[in-house]
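**Student:** Before I ask anything, here is the structure I am working with.
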Amino acid sequence: MRNNLVLILTTRCNFKCKHCIREYYTKQYDLSFSLIKKTLKDAKELGIKHLGLTGGEPILYPNFDALIDLISKFGFTWSIVTNGSMYKKYDYSIDRHKSNLKFIAISLDGGTEETHDFMRQKGSYKDVIKAVNYYLKKKIFVRLAMTASAKNIKDIPKFIELGVKLNVNALKIGGTIATGYNKDLQLTWAQKTSIYEYIKKLKKSDLKVHIDYGTSLYTFTDENHFCANVDDHEPTINASGEYIYCCDTVGQGAVLGNIKNEDFSDLYIKGIKKATWLKNERRKLILKKKFFKDFNSCNYCNTMLKNELHLQKKIVLK
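Numbers 504 to 821, taken from the numbering used here, label the letters of the sequence shown in order.
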């Protein structure tokens, strides 16, 4: 059982990244603060210990500082995933609740300014470097997170070298998740496998920084292996208050229910049951050799759960 709960606080973002799985929302959604209060109480009773905060850009959530106060009051640890562009705006909450802050993950999609800025926006690379140095001086655990794609795969060694040079605490590399509008960024199965094996080799080396791979690089083809989020369901709530299967399901996610009118504990059980169903269906498809495009990736769950996806407009994943 996972002891993490992911909160997608808002769809508000000051970037429009090429690989983003959240779509580009014209209408902004913010997770109801009153619903968060109710959910945290239920989550505490279920043994949840850590809250992962993401978006959008978390600091753009209108009640961010009040939320961190509440998280600490309940005794949870917390982490954020950020693009690093507004790093000083997190100061108030960090300074008040640093003891509960587990890590800050900063997105860096390449080892050079040219590559990263192409994937995100001009000037963002320099902001990331400033953010990393700023947080490290505050003695905060910093993880650099790269989303590998067809456009930046050659930059992976430079990304790792930069992480070592900056003396960050950890590196994590995932793959671009298919959305229907980022086909030019998709990695082939062979590319994903090569990245996975490369990281696996580095994990056994004397690399001076911890390195790991994201579930979006999953490439196993046998019926007994599953990505972490299928093997052990991680509860996630989106900005609309909907309980979704996984934070890697596209749009606002694959919706299993809504915390507005359902108990968190009941929704959590739904999530576990859905994970079991996905495992069993995957086994059946493998044994029958009924593979589809990018079967061994996040595209499996996004395709199998396509009827549950909360999308602005229909996108073709398969």
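Even for Gly, the Cβ is constructed at its ideal location relative to N, Cα and C.
Since S610 is in the beta strand (DSSP E), which residue starts that stretch and which ends it?
**Tutor:** Counting along the chain, the beta strand (DSSP E) containing S610 begins and ends at 604-610.
**Student:** Pick helix, strand or coil for S697, following the three-state DSSP scheme.
**Tutor:** Note: S697 maps to helix in three-state DSSP.
**Student:** Tell me whether N732 is buried or exposed, calling it buried when 16 or more other Cβ atoms sit within 10 Å of its Cβ.
**Tutor:** Result: buried.
**Student:** How about G587 and A634: are their beta carbons less than 8 Å apart?
**Tutor:** For G587 and A634, yes; Cβs fall inside 8 Å.
**Student:** Okay, do the segment 643-656 and the segment 611-619 touch, 3+ Cβ pairs below 8 Å being the bar?
**Tutor:** Segments in contact, yes.
**Student:** Taking just the CA atoms, how far does Y527 sit from R515?
**Tutor:** Straight-line Cα distance between these residues: approximately 9 Å.
**Student:** Rounding to the nearest angstrom, what Cα-Cα distance links G760 and S708 in this structure?
**Tutor:** Cα-Cα distance, rounded: 44 Å.
**Student:** Using a Cβ-Cβ cutoff of less than 6 Å, which residues in the same chain neighbour L705 once the five nearest sequence positions on both sides are dropped?
**Tutor:** Around L705: I714.
**Student:** For H553, which three-state DSSP category applies?
**Tutor:** Reduced to three states, the DSSP call for H553 is strand.
**Student:** Going by C-alpha distance, which of V753, K668, I539 is nearest T615?
**Tutor:** Taking only the C-alpha atoms, the option nearest T615 is K668.
**Student:** Skipping 5 residues on each side, what residues in its chain have a beta carbon closer than 6 Å to that of Y638?
**Tutor:** For Y638, where only same-chain residues beyond five positions count, the Cβ hits under 6 Å are I607, V645.
**Student:** If you draw a straight line from the C-alpha of A757 to the C-alpha of L812, how long is it?
**Tutor:** Approximately 4 Å between the Cα atoms of the pair.
**Student:** Could you pull out every residue in the same chain whose Cβ sits closer than 6 Å to the Cβ of K695, ignoring the five residues on either side in sequence?
**Tutor:** So the qualifying residues of the chain are G678, L720, T722.
**Student:** Is K668 near the ligand ZN, judged by its Cβ being under 7 Å from some heavy atom?
**Tutor:** This structure simply doesn't include the ligand ZN, nor any ligand for that matter.
**Student:** For H553, which residues in the same chain have their Cβ closer than 8 Å to its Cβ, ignoring the five residues on either side in sequence?
**Tutor:** Result list for H553: N506, N507, L508, F579, T580, W581, S582, K605, in chain order.
**Student:** For L510, which of helix, strand or coil comes out of DSSP?
**Tutor:** In this structure, L510 counts as strand in the three-state DSSP scheme.
**Student:** In angstroms, rounded to a whole number, what distance separates the CA positions of V584 and G555?
**Tutor:** If I take the Cα positions, the gap works out to 8 Å.
**Student:** Output the residue ranges of the beta strand (DSSP E) runs that lie fully inside the segment 572-604 and measure 3 residues or longer, sorted by chain position.
**Tutor:** Listed in chain order, the complete beta strand (DSSP E) runs (minimum 3 residues) inside the segment 572-604 are 580-585.
**Student:** What do you reckon, are the CB atoms on K777 and Y803 nearer than 8 Å?
**Tutor:** No, they are not a contact pair.
**Student:** Starting from L759, follow the beta strand (DSSP E) in both directions and report where the run begins and ends.
**Tutor:** 758-761 is the span of the beta strand (DSSP E), which, as asked, contains L759.
**Student:** Let me check understanding here. Comparing Cα to Cα, which of L512, T529, L538 lies closest to K816?
**Tutor:** The shortest Cα separation from K816 among L512, T529, L538 belongs to T529.
**Student:** What is the residue span of the alpha helix (DSSP H) that E784 lies within?
**Tutor:** From DSSP, the alpha helix (DSSP H) with E784 extends over 767-790.
**Student:** Take V712 as the anchor and find which of T806, Q624, N672, K686 has the nearest alpha-carbon.
**Tutor:** Measuring from the Cα of V712, the nearest candidate turns out to be N672.
**Student:** Three or more beta-carbon pairs under 8 Å between the segment 558-578 and the segment 534-548, yes or no?
**Tutor:** The answer is yes - the segment 534-548 touches the segment 558-578, with three or more Cβ pairs under 8 Å.
**Student:** Measuring alpha carbon to alpha carbon, tell me which residue in F729, D687, Y746, T724 is nearest D769.
**Tutor:** Out of F729, D687, Y746, T724, Y746 has the C-alpha closest to the C-alpha of D769.
**Student:** Within 10 angstroms of the Cβ of L512, are there 16 or more other Cβ atoms? Answer buried if so, exposed if not.
**Tutor:** Buried: at least 16 other Cβ atoms inside 10 Å.
**Student:** Figure out for me which residue from V753, A681, R786, D735 has the closest Cα to the Cα of N810.
**Tutor:** Nearest option by C-alpha distance: V753.
**Student:** What residue from L510, Y628, H736, T618 has the CA that sits closest to L570's CA?
**Tutor:** It is L510 whose Cα lies nearest to the Cα of L570.
**Student:** The alpha helix (DSSP H) spanning I632 covers which residue range?
**Tutor:** That run of the alpha helix (DSSP H) goes 627-640.
**Student:** Run through DSSP, which three-state label would V667 get?
**Tutor:** Here V667 sits in helix by DSSP.
**Student:** How would you write the range of the beta strand (DSSP E) that L674 sits in, first residue to last?
**Tutor:** 673-678 is the extent of the beta strand (DSSP E) around L674.
**Student:** Our contact map puts C801 next to I680 with C-beta atoms below 8 Å; I'd like the distance itself, whole angstroms only.
**Tutor:** About 5 Å; that satisfies the 8 Å criterion.
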